[in-house]
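Written out below as structure tokens is the structure these notes cover.
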Amino acid sequence: MTTTQTSLMPVDPAVSPAQASRVLAIRANLLPDEITAGRNARRTRSLLIATVLAVIAGLGGWYVYAVQNLDSATENLTSATDSVAKAQNDKKKYAGVTGIISDRDQVKADLKTLMANDLPWAKTTDTLRSTAAAANVTVKDMGANVVLDAAAPAADGKAAAATERTVAMINLTGQAPDKTDVAVFVDKLAGLKGFADPYVTSVSKNGEEKWDYALSVKVTSAALCGRFTTACAATGGN
Numbered sequence: 000m001t002t003t004q005t006s007l008m009p010v011d012p013a014v015s016p017a018q019a020s021r022v023l024a025i026r027a028n029l030l031p032d033e034i035t036a037g038r039n040a041r042r043t044r045s046l047l048i049a050t051v052l053a054v055i056a057g058l059g060g061w062y063v064y065a066v067q068n069l070d071s072a073t074e075n076l077t078s079a080t081d082s083v084a085k086a087q088n089d090k091k092k093y094a095g096v097t098g099i100i101s102d103r104d105q106v107k108a109d110l111k112t113l114m115a116n117d118l119p120w121a122k123t124t125d126t127l128r129s130t131a132a133a134a135n136v137t138v139k140d141m142g143a144n145v146v147l148d149a150a151a152p153a154a155d156g157k158a159a160a161a162t163e164r165t166v167a168m169i170n171l172t173g174q175a176p177d178k179t180d181v182a183v184f185v186d187k188l189a190g191l192k193g194f195a196d197p198y199v200t201s202v203s204k205n206g207e208e209k210w211d212y213a214l215s216v217k218v219t220s221a222a223l224c225g226r227f228t229t230a231c232a233a234t235g236g237n
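According to numbering that gives the first Met the number 0, the sequence shown is numbered sequentially starting from 0.
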């Protein structure tokens, strides 16, 4: 038997023991391409399935939410319908009251039409007397003629004509200290709202050193007012 003697090579002093004992990490893809492609396909399939399931879950949640809102809306509609039906049934109980209210409104409308040419005579005569006093003349007699063929009133109770129209003619007689006072009275009448075309028919001196006068003045539609039409302006006083 032959014995072979093996001698150990000395360790390179430049290599440390840690380096000499280190095992190098070697990586290599030794799988066939078919197996790699199959794994990638399975990963893609799993991702798609997860995405589809997430979409289905979202749609399911939205469907549940929509069904809940639909049920709530249906309940509200049913409640509103019941309330309307109840109100209609209650309305029948007060048919008499609503009928009276309708009749009242109709009467008011008829009165507005009927009283469209209503003239407040007390206010008109007071205005004439106060204007005469301001002009230093007195009023003895006063007569009036109503113009019956005035423009027909509109449906709302107001005059149909857009411009002022004559609704009455007033004749005045009285005395004044002087003819100039009569002229002042005429000027004041011409400036009054609701009066137009004052005209002196006669002026004569009497034995008492005063002047008798007679004049006429038109009353226009601007002076019309009343309870059922245009409210009359306040005349003052307590």
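Note that CB positions come from ideal geometry on N, CA and C, so glycine has one too.
None of these values were measured; they are calculated from a predicted model.
Query, Result
"Just tell me which of Lys92, Ala134, Leu188 has its CA closest to the CA of Lys238.", "The shown model of the chain, from 0 to 237, leaves out residue 238, and the question about it has no answer."
"Got a sec? Which residues, its chain only, sit under 6 angstroms from Ser220 by beta carbon, not counting five neighbours each side?", "Ala158, Glu163, Arg164, Val166"
"Since Lys209 and Pro176 should fall inside the 8 angstroms C-beta cutoff, what is the C-beta to C-beta distance between them, to a whole number of angstroms?", "6 angstroms"
"So, are the CB atoms of Thr228 and Ala115 less than 8 angstroms apart?", "yes"
"Quick one: what's Tyr198 bridged to in DSSP?", "Ser215"
"May I ask you to list the residues that DSSP assigns as paired with Trp61?", "Answer is none; Trp61 lacks a bridge partner."
"Should Leu223 and Thr130 be called a contact, given that it needs their Cβ atoms to be closer than 8 angstroms?", "no"
"Residues in the same chain with beta-carbon distance under 8 angstroms from Thr97, minus the five sequence neighbours each way, listed in chain order, please.", "Lys90"
"Give the secondary structure of Lys139 by DSSP, where H, G and I count as helix, E and B as strand, and everything else as coil.", "strand"
"With H, G and I counted as helix, E and B as strand and the rest as coil, what does DSSP make of Lys157?", "Legend: pLDDT at Lys157 = 49, less than 50; position of this residue unreliable, value from coordinates given subsequently. Correct three-state label for Lys157: coil."
"Quick check: what's the CA-CA separation for Arg103 versus Arg128?", "38 angstroms"
"Evaluate Leu29 with the Cβ neighbour count: other Cβ atoms within 10 Å of its Cβ, from every protein chain shown; 16 or more gives buried, anything less gives exposed.", "exposed"
"Decide if Tyr212 is buried, meaning its Cβ has at least 16 other Cβ atoms within 10 Å, or exposed.", "buried"
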